[in-house]
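Participant: Going left to right, the sequence shown walks through residues -17 to -1, 1 to 212 as mature numbering (1 follows the signal peptide of the UniProt record, and there is no 0) numbers them.
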Amino acid sequence: MRFFIAFAALFVAGCSAAVPRMPRLDGRIVGGFETDIKDVPFQVSLQNGWHYCGGSLIAKRFVLTAAHCTDGDSEFYPNFNVRLGSSYSRNGGLLVKPVRIHQHHKYDGSTVDYDFSILELEDYDETVLPFELTYAKLPSGDDLADGTLLTVSGWGNTKNPNEDNSVLRAVQVPKVSKDVCEKAYSGFGVITDRMLCAGFPQGGKDSCQGDSGGPMAREGTLYGVVSWG
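1. Which runs of the beta strand (DSSP E) fall wholly inside the region 48 to 132 and span at least 3 residues, in chain order?
2. Taking only three categories from DSSP, how would you classify V150?
3. Does the pairing of the region 130 to 139 with the region 58 to 67 give three or more beta-carbon distances under 8 Å?
4. Which residue comes first and which comes last in the alpha helix (DSSP H) that contains V163?
5. Express the C-alpha separation of K89 and D96 in angstroms, rounding to a whole number.
6. I'd like the list of long-range same chain contacts for K120, defined as Cβ closer than 6 Å, with 5 residues on each side in sequence excluded.
7. Check whether the Cβ atoms of K50 and H87 lie closer than 7 Å to each other.
8. Are the Cβ atoms of G38 and V27 separated by less than 7 Å?
9. Which same chain residues, not among the five before or five after Q30, have their C-beta less than 8 Å away from its C-beta?
10. Between I41, F183, G137, G196, which lies nearest to E103 when the distance is taken from Cα to Cα?
11. Indicate the three-state DSSP secondary structure (helix, strand or coil) for S210 in the structure shown.
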């Protein structure tokens, strides 16, 4: 299964039938479809000379991503930038420099609990983009019903050599109950109150390998970010 983090919960979607022995801090879209940045205008790419994580614009100068994407010395990488406003991870849109990282003070790298960070960006001129940027809305606090379809988007290895992993892709996965998630991960790890689950029992559709930090959303509302699984 695949793990995502939300604001009071972490989102989990199926990555494979086999359960790993320890959290895998990576994720790329598997079994999805190409999409356009206009469909997920808040999607961004975190870059250190190349794409390595995703994120979501929640305000003009603030990006929500996973804490494990910013843990360590990323703040001091000379090429640390955020690409926004592009369907492509390698070109287009704007490259904007983060000026500050606000990592959740309770983030635990061993359990991947509280796995989220806020990037504060330098100011930029969004009017040069060919479309209007919109920001991800935050959830109202209402619970999502089990089976609700949620969209995960990002760039990365699709496990298909004929597909271009530099083009934005998306996949839809249904929310799964906490009981189902806990049974799937029995003996593997704790599904905390910051965690939600989603995915298909048969696997085949999810984020696997490289889109950590990217959005899990529904109708423009952000319910989580790719974390681990």
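Cβ atoms here follow ideal geometry from the backbone N, Cα and C, with glycine treated the same way.
As the structure is a computational prediction, the values presented were derived from the model and not from experiment.
Facilitator: So, from the listed chains and residues:
1. Scanning the region 48 to 132 from its first residue to its last, the whole beta strand (DSSP E) runs of 3-plus residues come out as 63 to 67, 77 to 79, 81 to 86, 100 to 104.
2. strand
3. No: the two stretches stay apart, fewer than three of their Cβ pairs being nearer than 8 Å.
4. 161 to 167
5. Between D96 and K89, the C-alpha separation is close to 8 Å.
6. G203, T204
7. According to the sequence as given, residue 50 is Ala; it is not Lys. For A50 and H87, yes; Cβs fall inside 7 Å.
8. For G38 and V27, yes; Cβs fall inside 7 Å.
9. N62, F63, N64, V65, R66, S72, L78
10. I41
11. In this structure, DSSP gives S210 a state outside helix and strand, which the three-state scheme calls coil.
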